[in-house]
Amino acid sequence: MPLEIPGQEDNPGRPPAAGPSPYSNRAVESRFRFPLTRSLPIDTIRNVDNQRCFVQNRPDLRCRTTVSVPAPENGSCAEERSVQGEWRRPRPLWFSHRGYHETAVENTEAAFRAAVEMGFPGLETDLRLTRDGQIVLLHDATLARVAGIDREVAGMTRRELEGIRLRNGERLLFFDTFVEAFPASFWLLDVKPEGGDATIAALEGWCARNDFTDRLVAQGSFLFWRRNQEAAFKRRFPTARCYARRGECIRTAIALLLRVPVFSGIEAGRIYALPPRIGPATMFRAPFVHEIHRRGGETIAFLPQTPQEHRAALRAGFDEILTNGRIVTEGEGAES
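Residues in the sequence shown are numbered from 306 upward in steps of one, following the numbering used here.
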């Protein structure tokens with residue numbers, strides 16, 4: 306079901322399906338039923354059944370969910386697989402930055418599929434709103450870089466955007482399609498500030514209609530660029546995990562470098578991003594991570610580039626690692 310803002314009249318999206326929402330939280334103890342209808346081979350479902358959540362060789366990543374594959378047209382029974390465990394975040398939690406886009410366009414299903422196949426438990430993406438209230442996954446305000454079309458997505462409808470081909474013939478991805486295609490992933494959602502208030506309203510309305518709030522909070526974490534937008538979001542989703550904004554992270558980094566953490570402004574429950582370096586100073590240090598943890602915060606290593614930086618992030622003990630490359634372990638190199 307497409308995302309929409311209640312009251313919008315020119316929404317070209319599909320009409321709501323009869324009966325319970327396919328996104329509904331079906332049970333109290335974090336058991337979910339979720340239809341997988343797009344580009345999901347049954348071998349992938351079997352991986353979920355084997356408690357790998359789409360992720361090969363990652364037995365530490367477990368989720369508690371029930372996934373369903375609709376019955377085929379020949380009338381045979383739909384297959385259903387269950388995964389025991391909980392929405393437990395692995396540490397570190399690796400996020401693929403806009404998906405793995407070495408050979409695919411960023412923020413497309415192909416890029417995210419490549420990341421999942423590489424073993425990423427987390428997918429980072431960007432949220433923007435279309436003219437008719439649909440949430441589309443796109444970093445830039447315009448289509449110039451990914452499609453060669455100098456138009457803002459805020460002035461286009463979902464139907465128009467669905468007709469556009471990107472490089473390699475790929476298409477733009479929308480939020481409802483994204484969570485349906487990758488139900489076992491964790492999602493780092495960067496809410497772009499232009500139209501951010503309307504994006505939040507659209508997200509809230511869609512979650513309410515589809516009984517998706519619990520899953521959004523359990524699997525999602527959120528970055529807002531404006532304080533007032535984050536405050537509005539937290540009023541609607543008070544237990545959501547949010548990242549510190551750029552100014553907060555700079556303040557924290559400088560305080561740590563100057564060894565005056567009392568001035569760091571670290572708040573319990575927030576996630577602080579540290580880059581590999583600030584000038585000549587290395588930021589991927591265990592004492593810095595420990596200080597943030599001691600004050601109740603969490604940490605994310607922001608875009609390590611070299612093999613050495615990836616390994617430094619692992620040794621420092623970051624809670625999360627956001628990368629354009631691949632997952633590495635200590636002693637391994639990294640492809641960037």
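Glycine is no exception: its CB is placed at the ideal position from the N, C-alpha and C atoms. Treat the numbers as computed from the prediction; the structure is a model and nothing was measured.
C-alpha gap between residue i and residue j, whole angstroms
i	j	result
P488	I559	38 angstroms
L493	I632	16 angstroms
E422	T518	27 angstroms
F593	T604	9 angstroms
G404	N412	6 angstroms
C512	F480	11 angstroms
E509	Y548	19 angstroms
T482	S526	18 angstroms
E414	L563	43 angstroms
M461	Q610	35 angstroms
L432	R463	14 angstroms
E553	D437	34 angstroms
L561	I583	12 angstroms
P543	W399	24 angstroms
A586	Q439	42 angstroms
F529	A537	10 angstroms
P580	A419	25 angstroms
R520	W392	9 angstroms
P395	V522	16 angstroms
Residue range of the alpha helix (DSSP H) that includes residue i
i	result
F529	Element bounds for F529: not the alpha helix (DSSP H) but the beta strand (DSSP E), 525-529.
T557	551-562
A618	612-621
Nearest neighbour of residue i, chosen from the options [CA to CA]
i	options	result
T557	R600, F527, F542	R600
F607	A573, G570, I555	I555
Q524	R532, R546, T504	R546
G453	R470, F400, D437	R470
T435	L428, V458, A449, V451	V458
G474	A578, T408, A503, W392	T408
Y577	P585, A617, H595, V565	H595
V484	K497, N515, R472, H615	N515
T504	V441, P581, E465	V441
P566	G602, R540, A537	G602
A506	R541, E465, F417, P612	R541
A449	A416, V410, E635, F417	V410
The beta strand (DSSP E) enclosing residue i, as first and last residue numbers
i	result
W492	491-496
L642	Residue 642 lies beyond the range of the chain shown here (306 to 641); nothing can be said about it.
D455	454-457
F607	603-607
T628	625-628
Proximity below 8 angstroms, CB of residue i to CB of residue j
i	j	result
H444	N629	no
I597	I571	yes
G501	R531	yes
G574	F491	no
E467	R456	no
P397	F589	no
Please specify which runs of the beta strand (DSSP E), each continuous and at least 3 residues long, are wholly inside the segment 419-446, giving them in chain order. 427-434, 440-442
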